[in-house]
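Visitor: The structure that follows is given in the form of structure tokens.
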Amino acid sequence: MSATAEILSELESLRLIDPHTHINPHSAASETLADILGYHYYTELAHSSGLAKNQIEEPGITPKEKVGRLVPLLSTIENTAQYSWLLEMCQVFFGFEDDRITEANWEALYDSAKTKMDESDWEQQVLERSGLDGVYLTNDFDDPLTGFDTSFYVPCLRTDDLVFHLSKADVRERFQKATDSAPSDSAGLKDAIGKLFAHFKANNVRACAISLPPFFAPEQVDAATADTVVGKVFSGAELTECEQTSLSRFVFWSLAEFCVEYELPFDLMIGVNRRVYEDGVFQGQDLYDKRVSLIQYKALFNAFPQVTFPVSVLSETSNQELVSYAWIFPNVVTNGHWWYSNIPVFIERDTRARLQAVPRTKQVGYYSDMYKLEFALPKFAMYRRILARILAEEFVGQRGWSAEKAVELGTQVLRGNVESIFGS
Amino acid sequence: MSATAEILSELESLRLIDPHTHINPHSAASETLADILGYHYYTELAHSSGLAKNQIEEPGITPKEKVGRLVPLLSTIENTAQYSWLLEMCQVFFGFEDDRITEANWEALYDSAKTKMDESDWEQQVLERSGLDGVYLTNDFDDPLTGFDTSFYVPCLRTDDLVFHLSKADVRERFQKATDSAPSDSAGLKDAIGKLFAHFKANNVRACAISLPPFFAPEQVDAATADTVVGKVFSGAELTECEQTSLSRFVFWSLAEFCVEYELPFDLMIGVNRRVYEDGVFQGQDLYDKRVSLIQYKALFNAFPQVTFPVSVLSETSNQELVSYAWIFPNVVTNGHWWYSNIPVFIERDTRARLQAVPRTKQVGYYSDMYKLEFALPKFAMYRRILARILAEEFVGQRGWSAEKAVELGTQVLRGNVESIFGS
Amino acid sequence: MSATAEILSELESLRLIDPHTHINPHSAASETLADILGYHYYTELAHSSGLAKNQIEEPGITPKEKVGRLVPLLSTIENTAQYSWLLEMCQVFFGFEDDRITEANWEALYDSAKTKMDESDWEQQVLERSGLDGVYLTNDFDDPLTGFDTSFYVPCLRTDDLVFHLSKADVRERFQKATDSAPSDSAGLKDAIGKLFAHFKANNVRACAISLPPFFAPEQVDAATADTVVGKVFSGAELTECEQTSLSRFVFWSLAEFCVEYELPFDLMIGVNRRVYEDGVFQGQDLYDKRVSLIQYKALFNAFPQVTFPVSVLSETSNQELVSYAWIFPNVVTNGHWWYSNIPVFIERDTRARLQAVPRTKQVGYYSDMYKLEFALPKFAMYRRILARILAEEFVGQRGWSAEKAVELGTQVLRGNVESIFGS
């Protein structure tokens, strides 16, 4: 057995905790193949290949109709990594045996998937087959966090709305309801945010999390400015761009302060521009500007040495900065391979750099970012194969490590650090 | 036979259409070795290695003298990919058998090349040996497009002069002559541009094309502003930097509008700064600023869903953005490996990313960018070898595809998409 | 023997000149293991992994105590390239036979290292074992350059203080003392700087050198502005940010002028932001902003065709620009793999690009950047292994070169160009 195969076999036997997903714990597994093919990775690629948005999102179509419309486009994306996930899911979970999903075979696949998904323990089957010991969520600030097992489906407080969207009336309304408060100044807003942290902390929260546009640079805002913009936004007045920046910075800085108080890591997902392609399909509209630097986070990383910042970067051109900042700042940790960087060519190179220059204790290897449970399996499988190959070539082959020692490193990156960094 | 060799053999048997060149259809093949060694890739490298510009460009020297001056410098660049093209051309076309072109052997090579090039069907020999079924051109807006077979040498309307150089008197003069018009406002200018499109359309044009500096960001310009700057420039007045930007944007936007009307793809070649090295040799003066983002094209990509934009990026740090934008925007297509990115290390990585994340229908694998026909062979050969290796390692090796299926993918990227995207 | 092994064997037999180090020629080799483990690459990684700065830098601790505090953290960084250098040094120089440095074995290692280092000819042993024929230094402008053999420990004039820190009283004081002058205008400052060049030239200086922040863009400053800012800074007045920029530009431009006069290469190390992590350990506070472009050096490269600029870039995202600028500008040379880019994944890719597109005469392959002599061995060993692999795979394997020809290329890049570019 080659070193790669030996290491991969060990890594495949590991049970995992998935530290970042968008799972709805009340409906974690898929109900039909439409839940899988409806994932934006497929709808946006099908749309990119020519399928009209209104074909995909037409109100009232059945799940089977939706799949039937997407399938003809699959031939145009079968080269993609995303397609390889689809195929692996169908093969592993539904016994699919062909090497392509076509207009000729999709209905049988749809039906066999439906049969499996209809089994009462389907969610448990998926979790078991995928080796998942825990799944982190992405919860809106006003999520009641009830009705599910928070020790398995672990809450994370997602804060994009608080930092960037308090100027929207519906967000303020949700906020006021969730916090039972009507802030008129910065102290009031901070108190109210504190209530959210208390609520989440009481429900096993493990991280505060946010996605950030490339132009954002956190800074502390003076109290007078904060009071002004908080007063203005909660009175319903429109903010100037500059005032919005101050408000975002004030809220963001407050979140970091609560991360100190509540001893929470603060997941930063840096670099996304929202709604770049305005007529794109649902969740298929966001892109980015690679001209972003972690130097924008200098003030933050210096001001909060007590807070661990697991950082994800959207552009692969940011990976070396991430490696360097994690090498220097004790509170910066590398976190997974996000979105447009979540394809093998970038994962491999980014992983090599991290393994070569970041302390082994400061790397969270991978998260699935999934919306439905079935995706953890192929995505982690992709990562494990890449990781095994790097460990075999570079550590066993070039540095002369034993396979056992290489597996220890892989295990720490895949599983151990999730527990040590987020708590277990 | 290895999978790589098997796939390469199939890819090598393909006949090609070269979708972007600078061929002069009236003098497509080389007449002496000076036409090959005079390519800026060699003159600039020789100059970079120490040969004075006036040695290379001295008026009145014969082609043989020019080659004789360049040859001694070749030993300094024999490591480069560019040199490997030269060697391959000499070996394949002229029966050169040494592994280096030296001061001792170049004259014999020069003479044997001359003998071949003097054959009356040399152009056809090169096309046949290179497997070319079509060669796209880069035509000035005032090119009469006569005297050659436009079904083989396919016109493309190059528009740099229109967008960036109408403030030059000689460009305006050429423009007024070509369009038989004297625009004084934006409507007049647009009408005149329309005449160019009509002329090109009548001559089998397949694309509008432009190279763009890193600081350019297309936007629609309001009519009043457009009228002012058009009036000003055609009256011969000097434009401010801001006015020049408005003029460039107005013309560029008009070109996109005509691409809708005439159903033409709009080739964008993004990222070049002209005349950075002011004392460089001819065509060896341009460089770039990698700080450019496709977010600058957000307005354009959203405004023209009917236009296909084959996009080339100059800096490899832009490739992931290109992949992501092509993954999301239906009208963005990846196009070749341009200039400073046209060396194996970047081609390989960029190709991997594109094959992993862009629909297979939306990738134009390669173009030669050549000035003389002989260059298609070694440049496409370089690309085919890299493509075969990726297909073998990644698709056959890692994903378990058959070699046949991998060859289909390679064929589509190399040839099929050129026809489906530009028309055949 | 594989081609890689054959080439590596030849490259390992080469004797070297190390063209950029921070060696103190009066104390070049280490005295205890603390001199090695005290290198900022280890202290910053240990700190990043959790060791408090005051543990590392506590005044009064013995070298052995310092090592004892760092050793427990080594288990967290044994994956890094930096750790692999440490292990290789210990194995080669001190006969260390374990595969990890642990709390159980470090004291024996410390003692055996001490025994070796105490030998009177330790410095010569290290130089001999490392195959070093010369070591370039980084000298402060006021270094007397006495008491050592400048034909072996070759002076380089480091100019960061002059360009960026004349506004500090202590730097001005050192400058006035070193130049025996009190400049009040730009001519006076330039004369004084000239004295430094004369002093260094009299002592075998081989380069002027500087590290530059990403926001710096050299330009010529008009005399009136220069007079004003020079007068102001030497009168002790505080400069505005804009005035500081003018002063920096004036001094920088003057340095380039003296490089013409004294026929010196000007080493540019582009891209570092100082003191980003303000509470970091000694020399472990600097990071960077990847948003820098060599276009910022357009005016400089054009204005000084007589000066050779060996350029190092801090971010790997700058490597393609460096390759392209060295391909076009005769006076731009690629120089080594600096700091955060000095790990295998980046060295390999950057080296491939340089070998594929930059004349072989214009590449300085590697420098160690070391503070203590023992580091040259593992750092150059890392580079030689990567270089041998590239030469074997790409030049012998893909291009059909003989191993001998590949070794010639490697030899030129590793050794020959250091002599031809810096003088021998």
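Same order as they appear, the protein sequences are chains A, B and C.
Using my numbering, the letters of the first sequence correspond one by one to residues 1 to 424.
Using my numbering, the letters of the second sequence correspond one by one to residues 1001 to 1424.
Using my numbering, the letters of the third sequence correspond one by one to residues 2001 to 2424.
Cβ coordinates follow ideal geometry from the N, Cα and C atoms, glycine included.
1) Any contact between the region 70-78 of chain A and the region 361-376 of chain A? By contact I mean 3 or more CB pairs, one from each, below 8 Å.
2) At a CB distance below 8 Å, what residues from the region 2387-2399 of chain C approach chain A? Give them in sequence order.
3) For residue 1081/B, which residues in chain C fall below 8 Å Cβ to Cβ?
4) With H, G and I counted as helix, E and B as strand and the rest as coil, what does DSSP make of residue 1422/B?
5) Helix, strand or coil for residue 367/A per DSSP?
6) At 8 Å on the CB atoms, spell out the chain C contacts of residue 330/A, in chain order.
7) For chain C, check one thing: does any of its Cβ atoms lie closer than 8 Å to the Cβ of residue 1290/B?
8) Is residue 2310/C helix, strand or coil by DSSP?
9) Using a Cβ-Cβ distance cut-off of 8 Å, determine whether residue 2306/C contacts chain B.
10) Once you ignore the five residues that flank residue 232/A on each side, which residues in its own chain have a CB closer than 7 Å to its CB?
11) What span of residues does the alpha helix (DSSP H) with residue 136/A cover, start to end?
12) Mapping DSSP to helix, strand and coil, what is residue 1158/B?
13) From this set, 56/A, 92/A, 61/A, 51/A, which residue's C-alpha is nearest residue 76/A's C-alpha?
14) Buried or exposed: which applies to residue 1236/B, given that a residue is buried once 16 or more other Cβ atoms fall within 10 Å of its Cβ?
15) Hey, could you find the ends of the beta strand (DSSP E) residue 1211/B is sitting in?
16) Suppose the cutoff is 7 Å on Cβ atoms and the five residues either side in sequence are ignored; what does the same chain contact list for residue 335/A look like?
17) Taking the alpha-carbon positions, what's the residue 2300/C to residue 136/A distance?
18) Listing by chain order, which chain B residues have their CB less than 7 Å from the CB of residue 340/A?
19) From residue 1122/B to residue 1210/B, what distance separates their C-alpha atoms?
20) On a CA-only basis, which of 2005/C, 2018/C, 2060/C, 2316/C is nearest residue 2413/C? Give me that one, please.
21) I'd like to know whether the C-beta atoms of residue 407/A and residue 7/A end up nearer to each other than 8 Å.
22) Please name the residues in the region 2244-2257 of chain C whose beta-carbon is closer than 7 Å to at least one beta-carbon of chain B, in chain order.
23) Starting from residue 2036/C, follow the alpha helix (DSSP H) in both directions and report where the run begins and ends.
24) If we call anything under 8 Å between Cβ atoms a contact, is residue 1284/B one with residue 1044/B?
25) Considering only heavy atoms of the ligand ZN, does any lie closer than 7 Å to the CB of residue 2168/C?
26) Just tell me which of 304/A, 329/A, 132/A, 354/A has its CA closest to the CA of residue 14/A.
27) Which residues share a DSSP beta bridge with residue 1269/B?
28) For the region 82-101 of chain A, which residues have a CB atom closer than 7 Å to at least one CB atom of chain B, in sequence order?
29) Please name the residues in the region 2270-2302 of chain C whose beta-carbon is closer than 9 Å to at least one beta-carbon of chain A, in chain order.
30) For residue 2332/C, list the residues DSSP reports as bridge partners.
31) What is the rounded straight-line gap between the Cα of residue 1012/B and the Cα of residue 54/A?
32) Hey, how far is the Cα of residue 333/A from the Cα of residue 2090/C?
33) Report yes or no: do the region 1246-1265 of chain B and the region 1157-1166 of chain B share at least 3 C-beta pairs separated by less than 8 Å?
34) Reducing DSSP to helix, strand and coil, say where residue 2023/C ends up.
35) Helix, strand or coil for residue 1340/B, going by three-state DSSP, please let me know.
36) On the three-pair Cβ rule with 8 Å, is the region 218-233 of chain A touching the region 284-293 of chain A?
Guide: Judging by the given coordinates:
1) no
2) none
3) Residue mapping note: residue 1081/B aligns to position 81 of the second sequence, counting from 1. What residue 1081/B touches in chain C: 2356, 2357.
4) The sequence position of residue 1422/B within the second sequence is 422, counting from 1. Three-state result, residue 1422/B: helix.
5) Residue 367/A sits at position 367 when you count from the first residue of the first sequence. Note: residue 367/A maps to coil in three-state DSSP.
6) Working through the first sequence from its first residue, we reach residue 330/A at position 330. Neighbours of residue 330/A on chain C, chain order: 2047, 2048, 2049, 2050.
7) The count along the second sequence starts at 1 and reaches residue 1290/B at position 290. It does: the Cβ of residue 1290/B has a partner Cβ on chain C nearer than 8 Å.
8) Position 310 of the third sequence holds residue 2310/C. Reduced to three states, the DSSP call for residue 2310/C is strand.
9) Counting from one through the third sequence, the residue named residue 2306/C turns up at place 306. Answer no: the Cβ-Cβ gap between residue 2306/C and chain B never drops below 8 Å.
10) In the first sequence, residue 232/A corresponds to position 232, counting from 1. The residues are 239, 243.
11) What you label residue 136/A is simply residue 136 of the first sequence in a count that begins at 1. It is not in any alpha helix (DSSP H) - residue 136/A instead sits in the beta strand (DSSP E) that spans 132-136.
12) Taking the first residue of the second sequence as position 1, residue 1158/B is located at position 158. Note: residue 1158/B maps to strand in three-state DSSP.
13) Your numbering for residue 76/A matches position 76 in the first sequence. Residue 51/A is the option with its Cα nearest to residue 76/A.
14) In the second sequence, the residue the question calls residue 1236/B occupies position 236. Classification for residue 1236/B: exposed.
15) Within the second sequence, the letter at position 211 stands for residue 1211/B. 1207-1212 is the extent of the beta strand (DSSP E) around residue 1211/B.
16) The residue labelled residue 335/A in the question sits at position 335 within the first sequence. So the qualifying residues of the chain are 267, 310, 311, 312, 364.
17) As a working note, residue 2300/C is residue 300 in the third sequence. As a working note, residue 136/A is residue 136 in the first sequence. If you take the alpha carbons of residue 2300/C and residue 136/A, they lie about 53 Å apart.
18) Along the first sequence, one-based indexing puts residue 340/A at 340. Here the neighbours are 1320, 1324.
19) To locate residue 1122/B, count along the second sequence from 1; it is residue 122. To locate residue 1210/B, count along the second sequence from 1; it is residue 210. Using only the alpha carbons, I get a separation of about 31 Å.
20) Residue 2413/C sits at position 413 when you count from the first residue of the third sequence. Measuring from the Cα of residue 2413/C, the nearest candidate turns out to be 2018/C.
21) For the purposes of this step, residue 407/A is taken as residue 407 along the first sequence, with counting starting at 1. For the purposes of this step, residue 7/A is taken as residue 7 along the first sequence, with counting starting at 1. In contact: residue 407/A and residue 7/A (Cβ atoms closer than 8 Å).
22) none
23) Numbered from its first residue, the third sequence carries residue 2036/C at position 36. 2033-2037 is the span of the alpha helix (DSSP H), which, as asked, contains residue 2036/C.
24) Locating residue 1284/B in the second sequence gives position 284, where the first residue counts as 1. Locating residue 1044/B in the second sequence gives position 44, where the first residue counts as 1. Contact flag set, yes.
25) Inclusion of the ligand ZN in the displayed structure is not the case, the ligand content being empty and no account of it being possible.
26) Here residue 14/A refers to the residue found at position 14 of the first sequence. For residue 14/A, the nearest C-alpha among the options comes from 132/A.
27) The residue given as residue 1269/B occupies position 269 in the second sequence. 1211/B, 1312/B.
28) 84
29) 2273, 2276, 2277, 2278, 2279, 2280, 2284, 2285, 2286, 2287, 2288, 2289, 2290, 2291
30) Here residue 2332/C refers to the residue found at position 332 when the third sequence is read from its first residue. Looking at the DSSP assignment, residue 2332/C forms a beta bridge with 2309/C.
31) The residue labelled residue 1012/B in the question sits at position 12 within the second sequence. The residue labelled residue 54/A in the question sits at position 54 within the first sequence. The alpha-carbon atoms of residue 1012/B and residue 54/A are separated by roughly 42 Å.
32) Residue mapping note: residue 333/A aligns to position 333 of the first sequence, counting from 1. Residue mapping note: residue 2090/C aligns to position 90 of the third sequence, counting from 1. Looking at the two C-alpha atoms, the distance is approximately 29 Å.
33) yes
34) Residue numbering aside, residue 2023/C sits at position 23 when the third sequence is read from its first letter. DSSP places residue 2023/C in coil when its eight states are reduced to three.
35) Here residue 1340/B refers to the residue found at position 340 when the second sequence is read from its first residue. Here residue 1340/B sits in helix by DSSP.
36) no
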